[in-house]
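Enquirer: Before I ask anything, let me first share the structure, which is written out below as structure tokens.
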Amino acid sequence: MSESPRASDLFGPPLVALALFIKFFAFNHLISAGAANTATSTEATLAVLVFFTVWTYWLPGRFRFAALLVVDLLFSLVLFADMLYLRYFHDIFPVSAIFYSGQLVDVHGAVTSLIKPHDFAIFAELPLVVALWFIRGQSLRLRFKHGFVGATLLACVGLFAAAFVQVQHDYPNALSSSVVRVSCGQVIGALPYHLYRGYRLAVSRFHAPPSPQQVAAIAHWLAEKNPPAGPGLAHGDNVLIIQIEALQEFVIGRRINGQEITPNLNRFAPHCLLYRNLYGQTRGGNTVDAEFMTDTSNYPANSGAVFVNDAINTYDSLPGALVQRGYHTAVFHSNSPTFWNRNRMYPALHIQNFYSAGDFKQDDVVGLGLSDRSFLKQTLPRLEAFQQPFYARVITLSSHFPYNDAAHLGHLNVGNLAGTRIGNYLENINYTDAQLGTFLDALAKSRMWQHTVVVLYGDHPAIRQENRAALLRYLGEPNTDVAWQKQWKIPLFIHVPGDKLKGTPSITAGQMDVMPTIADLMGVRVETAFGQDLLRATHGFVVLAGGSFLTDKAYYDALNNRAYDLASEKPIPVATFATQRAEAQRSLDYASLVLQDDLVPALNREFERNGSSEELGRRRHSHHPGTRFARRGRGA
Numbered sequence: 107m108s109e110s111p112r113a114s115d116l117f118g119p120p121l122v123a124l125a126l127f128i129k130f131f132a133f134n135h136l137i138s139a140g141a142a143n144t145a146t147s148t149e150a151t152l153a154v155l156v157f158f159t160v161w162t163y164w165l166p167g168r169f170r171f172a173a174l175l176v177v178d179l180l181f182s183l184v185l186f187a188d189m190l191y192l193r194y195f196h197d198i199f200p201v202s203a204i205f206y207s208g209q210l211v212d213v214h215g216a217v218t219s220l221i222k223p224h225d226f227a228i229f230a231e232l233p234l235v236v237a238l239w240f241i242r243g244q245s246l247r248l249r250f251k252h253g254f255v256g257a258t259l260l261a262c263v264g265l266f267a268a269a270f271v272q273v274q275h276d277y278p279n280a281l282s283s284s285v286v287r288v289s290c291g292q293v294i295g296a297l298p299y300h301l302y303r304g305y306r307l308a309v310s311r312f313h314a315p316p317s318p319q320q321v322a323a324i325a326h327w328l329a330e331k332n333p334p335a336g337p338g339l340a341h342g343d344n345v346l347i348i349q350i351e352a353l354q355e356f357v358i359g360r361r362i363n364g365q366e367i368t369p370n371l372n373r374f375a376p377h378c379l380l381y382r383n384l385y386g387q388t389r390g391g392n393t394v395d396a397e398f399m400t401d402t403s404n405y406p407a408n409s410g411a412v413f414v415n416d417a418i419n420t421y422d423s424l425p426g427a428l429v430q431r432g433y434h435t436a437v438f439h440s441n442s443p444t445f446w447n448r449n450r451m452y453p454a455l456h457i458q459n460f461y462s463a464g465d466f467k468q469d470d471v472v473g474l475g476l477s478d479r480s481f482l483k484q485t486l487p488r489l490e491a492f493q494q495p496f497y498a499r500v501i502t503l504s505s506h507f508p509y510n511d512a513a514h515l516g517h518l519n520v521g522n523l524a525g526t527r528i529g530n531y532l533e534n535i536n537y538t539d540a541q542l543g544t545f546l547d548a549l550a551k552s553r554m555w556q557h558t559v560v561v562l563y564g565d566h567p568a569i570r571q572e573n574r575a576a577l578l579r580y581l582g583e584p585n586t587d588v589a590w591q592k593q594w595k596i597p598l599f600i601h602v603p604g605d606k607l608k609g610t611p612s613i614t615a616g617q618m619d620v621m622p623t624i625a626d627l628m629g630v631r632v633e634t635a636f637g638q639d640l641l642r643a644t645h646g647f648v649v650l651a652g653g654s655f656l657t658d659k660a661y662y663d664a665l666n667n668r669a670y671d672l673a674s675e676k677p678i679p680v681a682t683f684a685t686q687r688a689e690a691q692r693s694l695d696y697a698s699l700v701l702q703d704d705l706v707p708a709l710n711r712e713f714e715r716n717g718s719s720e721e722l723g724r725r726r727h728s729h730h731p732g733t734r735f736a737r738r739g740r741g742a
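Using the numbering used here, you'd call the opening residue of the sequence shown number 107 and step up by one each time.
Quick look at the structure:
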């Protein structure tokens, strides 16, 4: 006698499809900031889920159950990752991040702090699906014909195609390779977008390389954009870059309950150029994106991290330009050398020595690793021992998310913010500021102080979407998208020996601009820089993911094709930004080709054929009036 069928044979596929649809529908609603789900995201999500469950009717019962469990578990894990990623990055999980998911072991503290008990409801239907396997009944025999299943699958494909076409019509930029992923999820649904990006990632591996004409166009654009190297105000001096974990601009000069949050950085500021309108431009690589931009002035990868995906490329970098002038280059970071693939990427950036976890005595661990106190204390003697001139980057760690471990080490009374994410962050950054004060004071007494340019900045903003309302409330700002965008800033301090440059320029800047600015001070030029030299710039222009951008007075949102006055936050006509929109997209497209196709060698050959990019830049900038600060007394 044949065995009676199981309930999972008939009810498994629709149960899994329904459960997954409810979860992804809710998530789509969440990332749409409370707005009603668009018809296209609902349509596309439903089509994908029905397709991936209905096809299992073609399988024998025992295999159907296993296939359904795999589909359910896989899609639920994707949603789980999206939830956590959204809390930290205000974005959805990038497909390429799968390739470096092993790093979660190193940051498990930060990851587990994101998880909330109710998150596990994402897997609630799995026990029911398993229970159906144990239920049998004669009345549950399947009568489906292959043709019916095939027709359903074709209908799903048609439904998805219709949704895709509608999105392309309504949001022409939404599915571009450089747009913010969460914005794509809003218009087509998170799960359909993941599948689309997976397809694009696979196709990108087999695309045709740029034509010689395209390479020539990029080279010409870069040569015209980048002015020739000047004499260099700090020519021959050391360069010390201090990259502070999660240092956000709003803490500088701010008090809470009568106490300065960053008293030592406040004390350092009058001796520096302090850029307070500098926006973070990191993407999926976060900290290493900041490193990449400030070494190369190239945009981060559209998905994933350059350090992981493109470590075999050739790069023109500021360390490389200085090595050619006899500089010694090094990086100090107390994390594992393999974390973010740094041990492989640094040689590509012309970093000669990397001092990592094994090179430091682990005598005082805070959060993810060695405390800033011990790390900076152990770093200073090594800097003093270096043969000069040198280029060194020092990367702190104690102020890393979730800001819990160092909070109790700060000496800040945060009042009713105690125990909150923002309160912990303020206490944490106060601790890091104290360590920086000790380090900078010792540095000022060392023999290298009078011959060292010190550049200090935050690697990326600290407070993320989950705490958006709380931060804006604390700052006394309205909870609007424009107000939130205006908080996406990190401070940049540049100290030149002898306090030769001081002031607080109002120009709008981005992390891409850090490297060309330092290169100007050193009297060198990196031909393939996409940012601008802030010492010579007359106006700000910061390109964000997807073609959005900021000027000194306005913010343009590419996804929604809207523009806003930054001061009043009121909408302004988009038509007035046609030139900037085209320039922003050209910059992103060119940068993507340079990274994706490893074009730096081809660009350098093109420069050589045209008499060098230095000469091309000199022709373009032959009537340049000089540096911005020279014209304005260096104190603008």
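C-beta: ideal position from N, C-alpha, C; glycine also.
Taking the alpha carbon of Val-263 as the point to measure from, which residue in His-275, Ala-230 and Val-154 has its own alpha carbon closest?
Expert: Translated into positions along the sequence shown, residue 263 becomes position 157. Comparing Cα positions, the closest option is Val-154.
Enquirer: With distances taken between CB atoms, is the gap from Asn-534 to Leu-518 smaller than 7 Å?
Expert: Against the sequence shown, residue 534 aligns to sequence position 428. Against the sequence shown, residue 518 aligns to sequence position 412. For Asn-534 and Leu-518, no; Cβs fall outside 7 Å.
Enquirer: Please state the DSSP three-state secondary structure of Arg-373.
Expert: Walking along the sequence shown from the start, residue 373 turns up at place 267. DSSP places Arg-373 in helix when its eight states are reduced to three.
Enquirer: Name, in chain order, the residues that DSSP records as bridge partners for Ala-498.
Expert: Mapped onto the sequence shown, residue 498 falls at position 392. Partner(s): Leu-346 and Ala-436.
Enquirer: Mind pulling the beta strand (DSSP E) runs of 3 or more residues that sit fully within the region 548-597?
Expert: Qualifying beta strand (DSSP E) stretches, in chain order: 558-564.
Enquirer: Which residues bound the alpha helix (DSSP H) around Ala-153?
Expert: Position 47 of the sequence shown, counting from 1, holds the residue named residue 153. Counting along the chain, the alpha helix (DSSP H) containing Ala-153 begins and ends at 145-160.
Enquirer: Just grab the DSSP bridge partners of Ala-669 for me.
Expert: Along the sequence shown, one-based indexing puts residue 669 at 563. Paired residue(s): Tyr-662 and Ile-678.
Enquirer: Considering only C-alpha positions, which residue in the set Thr-151, Asn-383 and Phe-254 is nearest to Gly-646?
Expert: As a working mapping, residue 646 is identified with position 540 in the sequence shown. Nearest of Thr-151, Asn-383 and Phe-254 to Gly-646, Cα basis: Asn-383.
Enquirer: Just to confirm, is the Cβ distance from Gly-118 to Leu-165 under 7 Å?
Expert: Mapped onto the sequence shown, residue 118 falls at position 12. Mapped onto the sequence shown, residue 165 falls at position 59. No; because the gap between Cβ atoms is not below 7 Å, this pair is not in contact.
Enquirer: Could you pull out every residue in the same chain whose Cβ sits closer than 8 Å to the Cβ of Arg-692, ignoring the five residues on either side in sequence?
Expert: Taking the first residue of the sequence shown as 1, we reach residue 692 at position 586. The answer, listed in chain order, is Trp-327.
Enquirer: Exposed or buried, what is His-557 when buried is set at 16 or more other beta-carbons lying within 10 Å of its beta-carbon?
Expert: Stepping through the sequence shown from its first residue, residue 557 is reached at position 451. His-557 should be labelled exposed.
Enquirer: Could you give the first and the last residue of the continuous alpha helix (DSSP H) run that contains Thr-526?
Expert: Here residue 526 refers to the residue found at position 420 when the sequence shown is read from its first residue. Here Thr-526 belongs to no alpha helix (DSSP H), and DSSP marks it neither H nor E.
Enquirer: Looking at C-beta atoms only, is the number of pairs between the region 537-550 and the region 477-484 that lie closer than 8 Å three or more?
Expert: Yes, the region 537-550 is in contact with the region 477-484.
Enquirer: Excluding five sequence neighbours on each side, which residues of the same chain lie with their C-beta closer than 6 Å to the C-beta of Arg-287?
Expert: Mapped onto the sequence shown, residue 287 falls at position 181. Asp-197 and Ile-198, listed in sequence order.
Enquirer: Tell me the DSSP secondary structure of Val-630 in three-state form.
Expert: For the purposes of this step, residue 630 is taken as residue 524 along the sequence shown, with counting starting at 1. DSSP places Val-630 in coil when its eight states are reduced to three.
Enquirer: Starting from Gln-365, follow its DSSP beta bridges and name the residues at the other end.
Expert: If you number the sequence shown from 1, residue 365 lands on position 259. Paired residue(s): Ile-362.
Enquirer: So which of Ile-294, Thr-218 and Val-236 has the shortest CA-CA distance to His-135?
Expert: Taking the sequence shown and counting its residues from 1, the one referred to as residue 135 is at position 29. Checking every option, the nearest Cα to that of His-135 belongs to Ile-294.
Enquirer: Do you know how far the Cα of Thr-368 is from the Cα of Leu-705?
Expert: The residue given as residue 705 occupies position 599 in the sequence shown. The residue given as residue 368 occupies position 262 in the sequence shown. Cα to Cα, the separation comes out at about 42 Å.
Enquirer: Is the distance from the Cβ of Phe-599 to the Cβ of Leu-380 below 7 Å?
Expert: As a working note, residue 599 is residue 493 in the sequence shown. As a working note, residue 380 is residue 274 in the sequence shown. Result yes, Cβ atoms of Phe-599 and Leu-380 sit closer than 7 Å.
Enquirer: Less than 8 Å between C-beta atoms, sequence neighbours within five positions excluded: which residues of the same chain meet that for Val-764?
Expert: This structure cannot settle anything about residue 764, because the visible part of the chain is limited to 107 through 742.
Enquirer: Taking the continuous beta strand (DSSP E) assigned at Thr-743, which residues delimit it?
Expert: Nothing can be reported for residue 743: it is not among the residues displayed for the chain, which extend from 107 to 742.
Enquirer: Sort Arg-450, Tyr-163 and Pro-567 by Cα distance to Thr-388 and report the nearest one.
Expert: For the purposes of this step, residue 388 is taken as residue 282 along the sequence shown, with counting starting at 1. For Thr-388, the nearest C-alpha among the options comes from Pro-567.
Enquirer: Apart from the five residues just before and just after Phe-181, which ones in its own chain have a Cβ nearer than 6 Å to its Cβ?
Expert: On the sequence shown, residue 181 is found 75 positions in, with the first residue counted as 1. Counting only Cβ-Cβ distances below 6 Å, and skipping sequence neighbours, we find Leu-126.
Enquirer: Residues in the same chain with beta-carbon distance under 6 Å from Arg-193, minus the five sequence neighbours each way, listed in chain order, please.
Expert: As a working note, residue 193 is residue 87 in the sequence shown. Answer for Arg-193: Leu-220 and Glu-572, listed in chain order.
Enquirer: Suppose contacts are defined by Cβ-Cβ distances below 7 Å. Is Pro-200 in contact with Gly-390 by that definition?
Expert: For the purposes of this step, residue 200 is taken as the residue at position 94 of the sequence shown. For the purposes of this step, residue 390 is taken as the residue at position 284 of the sequence shown. Taking 7 Å as the Cβ cut-off, Pro-200 and Gly-390 qualify as a contacting pair.
Enquirer: Where do the N-terminal and C-terminal ends of the alpha helix (DSSP H) with Tyr-696 fall, by residue?
Expert: In the sequence shown, counting from the first residue as 1, residue 696 sits at position 590. Here the alpha helix (DSSP H) through Tyr-696 covers 684-702.
Enquirer: For Leu-523, I'd like the list of residues in its chain whose CB is within less than 6 Å of its CB, leaving aside the five on either flank, ordered along the chain.
Expert: For the purposes of this step, residue 523 is taken as the residue at position 417 of the sequence shown. Correct list, in chain order: Gly-529.
Enquirer: Rank Gln-349, Met-554 and Gly-653 by C-alpha distance to the C-alpha of Tyr-563 and give the top, closest one.
Expert: Within the sequence shown, the letter at position 457 stands for residue 563. Checked all of Gln-349, Met-554 and Gly-653; the closest Cα to Tyr-563 is Gln-349.
Enquirer: My output table needs one value for Ala-269: the three-state DSSP class, helix, strand or coil.
Expert: Taking the first residue of the sequence shown as position 1, residue 269 is located at position 163. Correct three-state label for Ala-269: helix.
Enquirer: Alpha carbon to alpha carbon, how far is Phe-130 from Asp-619?
Expert: Within the sequence shown, residue 130 is the residue found at index 24, counting from 1. Within the sequence shown, residue 619 is the residue found at index 513, counting from 1. Roughly 39 Å between the two C-alpha positions.
Enquirer: Using DSSP with H/G/I as helix, E/B as strand and the rest coil, what is Thr-388?
Expert: Reading the sequence shown from its first residue, position 282 is the one you call residue 388. DSSP places Thr-388 in coil when its eight states are reduced to three.
Enquirer: Three-state secondary structure (DSSP) at Phe-117?
Expert: Position 11 of the sequence shown, counted from the start, is the residue given in the question as residue 117. Phe-117 falls in the helix class under three-state DSSP.
Enquirer: Taking its Cβ as the centre, do 16 or more other Cβ atoms sit within 10 Å of Glu-714, making it buried, or is it exposed?
Expert: To locate residue 714, count along the sequence shown from 1; it is residue 608. Burial call: exposed.
Enquirer: Compute the Euclidean distance between the alpha carbons of His-729 and Met-189, then round it to the nearest angstrom.
Expert: Start at 1 with the first residue of the sequence shown, and residue 729 comes out as number 623. Start at 1 with the first residue of the sequence shown, and residue 189 comes out as number 83. At His-729, the pLDDT of 41 sits below 50, so the modelled position is not reliable; the number obtained from the coordinates is stated separately. Taking the straight line from one Cα to the other gives about 53 Å.
Enquirer: Report all residues from its chain with a CB closer than 6 Å to the CB of Glu-490; omit the five preceding and five following residues, and keep chain order.
Expert: Numbered from 1 along the sequence shown, position 384 holds the residue referred to as residue 490. Result list for Glu-490: Ser-552, in chain order.
Enquirer: Compare the Cα-Cα distances from Ala-454 to each of Leu-474, Thr-402 and Gly-475 and report the closest residue.
Expert: Within the sequence shown, residue 454 is the residue found at index 348, counting from 1. Minimum Cα distance to Ala-454 is reached at Thr-402.
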